[in-house]
Amino acid sequence: AVEVEHAGGRFPGARIGPSGVESVGGDAFVNAAGFELAVLVEDRTWARDALTAPEVISLQAFRDLFAAATLRPGDEAGVSQVALLFTDLQGSTALYERVGDAAAYNMVRDHFALLASIVRDHDGAVVKTIGDAVMASFGDPAHAVKAALAMQAGLADHDLVLKLGVHMGPSVVVTLNDRLDYFGSTVNMAARLQGQSAGGDVVLSRAVADDPAVQQIIAGLPKTEEEVVLRGFDRPVGFVRLT
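Per our numbering, the sequence shown starts with residue 3, numbered consecutively.
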């Protein structure tokens, strides 16, 4: 192993003998290997500004411009982590009956526009809409949770009740119907958790709720911890409900 202590600036190349310690340009290198090492330490500062594949494909602008060109139809790619948010309108069938088709359609359309705007504002992307439901993806679970809370706040003054679920994990990405889509257990879990929403709340999987950045966001919010057996999953699933 080579231990490096560095205060900044560019690293030179160095050869470190088996004796152990050598100073190069004011930097201390410790060689515990027992034989001479040739060392070149690269500056990784650029990585802080780099976007990973899961982050890029969860940006709405990228999906709008390049979604169909990212993966050829029939090809697939795995992403190590994506945060998926599912929504659904509670009682939408009754809404059409209560206010009429035209008025209900306009309300649902406006709700789609509001959710899409919130997703974009939180560095996410709308993957697709399914009936009155929305599926959105985020590269960062904290962004997904902030978006979910903003959605509930944004619909507070509307005659609409939104059910929300958020989960994160690995997923398979494919191009389907000229857009990037996600498949796998993470997708299924996120959809099932949305089904546990009572409306007006936000349901978070333990994977999302335990994320350090998410914990800071939800620290002062009223919440309950629950467990349920979800359809298609053998073991009970724990989740956090933000009320």
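Idealized CB from N, CA, C, for every residue including glycine.
A quick note: this is a predicted structure, and the numbers were derived from the prediction, not measured.
**Message:** Taking the alpha carbon of Leu164 as the reference point, which residue from Val174, Val81 and Met153 has its own alpha carbon closest?
**Reply:** Measuring from the Cα of Leu164, the nearest candidate turns out to be Met153.
**Request:** Report back the beta-carbon spacing between Ser60 and Gly141 to the nearest angstrom; my notes put them in contact at under 8 angstroms.
**Result:** Confirmed, Cβ separation roughly 4 angstroms.
**Where Glu228 falls, given that 16 or more other Cβ within 10 Å makes a residue buried** = The residue is exposed, with fewer than 16 neighbouring Cβ atoms inside 10 Å.
**Item:** Boundaries (first-last residue) of the beta strand (DSSP E) holding Phe185
**Value:** Secondary structure note for Phe185: its beta strand (DSSP E) is the uninterrupted segment Arg181 to Phe185.
**Prompt:** CA-CA distance, Ala3 and Ala34?
**Reply:** For Ala3, the predicted structure reports a pLDDT of 45, less than 50, and the residue's modelled location is therefore unreliable. A value from the coordinates is still provided. One C-alpha to the other measures close to 6 angstroms.
**Message:** Tell me which residues share the same chain as Thr245 and place their Cβ nearer than 6 angstroms to its Cβ, disregarding the 5 neighbours each side in the sequence.
**Reply:** In the same chain as Thr245, and ignoring 5 residues on each side of it, the C-beta atoms closer than 6 angstroms to its own belong to Asp203 and Pro224, in chain order.
**Message:** For a quick check, are the C-beta atoms of Ala192 and Val168 less than 8 angstroms apart?
**Reply:** Yes; because the gap between Cβ atoms is below 8 angstroms, this pair is in contact.
**Message:** So for Ala115, helix, strand or coil by DSSP?
**Reply:** The answer is helix: DSSP assigns Ala115 an H, G or I state.
**Request:** Compute the Euclidean distance between the alpha carbons of Val231 and Gln196, then round it to the nearest angstrom.
**Result:** Distance between the alpha carbons of Val231 and Gln196 is about 14 angstroms.
**Item:** Beta-carbon proximity check, Val210 vs Val147, cutoff 8 angstroms
**Value:** Taking 8 angstroms as the cut-off, the beta carbon of Val210 is found closer than this to the beta carbon of Val147.
**Item:** Pick from His145, Arg111 and Ser119 that is closest to Ile2, judged by C-alpha positions
**Value:** Any property of residue 2 remains undetermined from this structure, which presents the chain solely from 3 to 245.
**Bridge partners - Met170, DSSP secondary structure assignment** = Within the DSSP secondary-structure output, Met170 pairs in a beta bridge with Ala85.
**Asked** Name the DSSP bridge partner or partners of Phe235?
**Response** DSSP, once it has assigned bridges, lists no residue as partnering Phe235.
**Prompt:** Just checking, does the region 78 to 85 make contact with the region 168 to 178 on the three C-beta pairs under 8 angstroms criterion?
**Reply:** The answer is yes - the region 168 to 178 touches the region 78 to 85, with three or more Cβ pairs under 8 angstroms.
**Prompt:** For Gln62, does the count of other Cβ atoms within 10 angstroms reach 16, so buried, or fall short, so exposed?
**Reply:** Buried is the call here.
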